[in-house]
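Counting with our numbering, you get residues 3 to 133 for the letters of the sequence shown.
Here's the structure we're looking at; comments come further down.
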Amino acid sequence: LLLALLWLSAADAKGPPLLIGGVEFSHEDDIDNMEKLSNLFGQVFYTHILSPENAAAASSWQSLESDVWQMARMALEVPALALPVAMCLYNFFWWEGPQNNEPNLRAGYEASELMYLAVKHAGCDGPKMEM
């Protein structure tokens, strides 16, 4: 499952939809995007983990492993992807691998940076924000 990454610059956010893996994502709705991206990653991840002999699942997971870093860069231009990508990094890449109990420092750092961008995208970064 190779992800076809097509996006517009943030300046042209009203243009055609954002497509990732053939699924349409929003330039504005980070919550809807999080559900879609989590479902995509979850299906491949759990198929790969529960059926390690499945070559197609292994190949799909390898593609997602490399594509997640492209999506992290894309989230800098499309902030509505910051929350979904941060959560995928946190949920599926927190550890170096299934046979390793070492945390993935790059994934943790990227997830926290993207989470901060997501907070800003939602308008929740103002110190005088009403509670």
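Idealized CB from N, CA, C, for every residue including glycine.
In this text the structure is predicted, and so the values were computed from the model without any measurement.
Beta carbon of residue i nearer than 7 Å to that of residue j
{"i": "Ala19", "j": "Glu30", "result": "For the sequence presented, residue 19 should be read as Pro rather than Ala. The answer is no: Cβ separation not under 7 Å."}
{"i": "Ala88", "j": "Met131", "result": "no"}
{"i": "Phe95", "j": "Ala74", "result": "no"}
{"i": "Asp34", "j": "Ser40", "result": "no"}
Cβ shell of residue i (< 8 Å), same chain only, five flanking positions each side left out
{"i": "Asp32", "result": "Pro81, Ala82, Leu83, Ala84, Leu85, Pro86, Ala120, His123 and Ala124"}
{"i": "Glu98", "result": "Glu104, Pro105 and Asn106"}
{"i": "Met36", "result": "Leu85, Pro86 and Met89"}
Close Cβ partners of residue i (< 7 Å) along its chain, the five nearest in sequence each way excluded
{"i": "Trp63", "result": "Val46, Phe47 and His50"}
{"i": "Asp127", "result": "Val121"}
{"i": "Lys38", "result": "Val25 and Phe27"}
Contacting residues, own chain, Cβ-Cβ under 6 Å from residue i (five flanking each side not counted)
{"i": "Tyr111", "result": "none"}
Nearest-angstrom Cα separation, counted from residue j out to residue i
{"i": "Ser114", "j": "Cys90", "result": "12 Å"}
{"i": "Phe43", "j": "Gly24", "result": "13 Å"}
{"i": "Ser53", "j": "Trp71", "result": "25 Å"}
{"i": "Ala79", "j": "Ala59", "result": "Note on residue identity: the sequence assigns Glu, not Ala, to residue 79. Their Cα atoms are separated by approximately 30 Å."}
Residue i CB to nearest heavy atom of the ligand ADP below 6 Å
{"i": "Gln64", "result": "The ligand ADP is absent from the structure shown, which contains no ligands of any kind."}
Bridge partner(s) assigned by DSSP for residue i
{"i": "Phe43", "result": "According to DSSP, Phe43 bridges with nothing at all."}
Chain B within 7 Å of residue i, Cβ atoms only
{"i": "Leu119", "result": "Given the protein chain composition of this structure (a single chain), no chain B is represented."}
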